[in-house]
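Read the structure below first, then the notes.
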Amino acid sequence: MISKSDILFQATKSIPKFIEKVNPLSSDFEITNRGVWSSEIFALCVMCDLFDVDDYIESGLYKGQSISNVRKYKSIPCYGFDLKIKDNIKTRLKYFFDHGLFFEQDSFIEIPELLKDDLDQEKNGIFIDGPKGWDALKLAEKVIGNNNVKFIGIHDSYLPVDMNDTHYKFRKHLEDNFNTWSTDDTDFVRKYSYLDNARWLEYLEEDQLGGILPYNKIKFLHDGSKYDGRLLKSYGPTITFIWRK
Ligand SMILES: C[S@@+](CC[C@H](N)C(=O)[O-])C[C@H]1O[C@@H](n2cnc3c(N)ncnc32)[C@H](O)[C@@H]1O
Numbered sequence: 028m029i030s031k032s033d034i035l036f037q038a039t040k041s042i043p044k045f046i047e048k049v050n051p052l053s054s055d056f057e058i059t060n061r062g063v064w065s066s067e068i069f070a071l072c073v074m075c076d077l078f079d080v081d082d083y084i085e086s087g088l089y090k091g092q093s094i095s096n097v098r099k100y101k102s103i104p105c106y107g108f109d110l111k112i113k114d115n116i117k118t119r120l121k122y123f124f125d126h127g128l129f130f131e132q133d134s135f136i137e138i139p140e141l142l143k144d145d146l147d148q149e150k151n152g153i154f155i156d157g158p159k160g161w162d163a164l165k166l167a168e169k170v171i172g173n174n175n176v177k178f179i180g181i182h183d184s185y186l187p188v189d190m191n192d193t194h195y196k197f198r199k200h201l202e203d204n205f206n207t208w209s210t211d212d213t214d215f216v217r218k219y220s221y222l223d224n225a226r227w228l229e230y231l232e233e234d235q236l237g238g239i240l241p242y243n244k245i246k247f248l249h250d251g252s253k254y255d256g257r258l259l260k261s262y263g264p265t266i267t268f269i270w271r272k
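In terms of my numbering, the sequence shown is residues 28 to 272.
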């Protein structure tokens with residue numbers, strides 16, 4: 028049974044390679060809007076290592092921040108699905124198109140098919156970053172029972188303070204029904220939120236402070252004023268990973 032300490036131990040083993048291959052703090056690292064945070068990309072890589080997956084499958088690519096960096100880290104096939112992939116993104120993510128790994132299709136239909144046919148005998152890790160919320164869970168529930176699915180990461184699973192907020196209910200539902208680990212884990216944030224430093228500065232510059240900072244940074248803003256932490260217990264996006272009980 029995988030536990031939080033297994034994940035954190037794997038993180039200590041995975042970080043040197045992540046810095047070498049992805050290095051989110053270098054000036055070459057490209058940050059795209061609506062993309063996941065670097066500490067979250069790291070968490071995806073840690074989970075792929077820990078569950079020793081043969082393939083990574085992503086639903087919701089947009090500009091490819093998450094999938095392109097997971098692929099930089101791990102030399103495994105990375106399959107991506109999006110309802111619409113813009114032409115300029117096709118150029119940017121040429122590798123995936125050249126290798127037939129990107130599909131402009133609805134994940135609800137295509138991911139279960141891929142797992143049933145081509146990837147039936149493989150160990151697969153899945154990340155859902157579109158559809159969102161309960162729809163993401165609907166997609167996860169279609170495949171979490173498959174023996175060939177080792178984990179599913181669901182983005183935007185942050186924890187608000189308000190217990191009536193649907194995000195709160197969503198997160199609790201995941202925790203009550205599956206084995207879970209979330210990237211807002213205090214020990215993980217303390218140790219690895221520095222990976223988001225470049226992104227954090229970008230958000231400060233754009234003045235988008237609505238609860239999206241890694242949450243060890245949200246007590247005080249850059250100008251020393253106090254952040255209003257009544258909205259969120261965790262930082263904005265957050266991936267919750269689920270795997271079978
Ligand atoms: C927030 S963006 C993904 C960002 C990306 N993971 C990154 O890190 O850059 C969400 C994407 O999910 C896609 N999406 C929503 N529902 C989908 C579905 N049923 N199947 C495939 N893609 C979907 C949207 O078209 C959108 O491009």
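Built from N, CA and C at the ideal position, the CB exists for glycine as well.
By the Cβ rule, the segment 139-157 counts as touching the segment 171-182, because three or more pairs are nearer than 8 Å. DSSP places I42 outside any beta strand (DSSP E); the residue lies instead in the alpha helix (DSSP H), whose first and last residues are K31 to K48. The bridge partners DSSP lists for V73 come to none. By the criterion of at least three beta-carbon pairs nearer than 8 Å, the segment 91-101 is not in contact with the segment 202-222. In the same chain as V73, and ignoring 5 residues on each side of it, the C-beta atoms closer than 7 Å to its own belong to I34, Q37, A38 and S41, in chain order. Where D82 is concerned, the enclosing beta strand (DSSP E) starts and stops at D82 to S86. Taking 7 Å as the cut-off, one finds no heavy atom of ligand 1 near enough to the beta carbon of V49. DSSP places N151 within a strand segment (E or B) once states are collapsed to three.
Here the distance from the Cβ of S134 to the nearest heavy atom of ligand 1 is below 7 Å.
Scanning the segment 147-232 from its first residue to its last, the whole alpha helix (DSSP H) runs of 4-plus residues come out as 160-170, 193-204 and 213-219.
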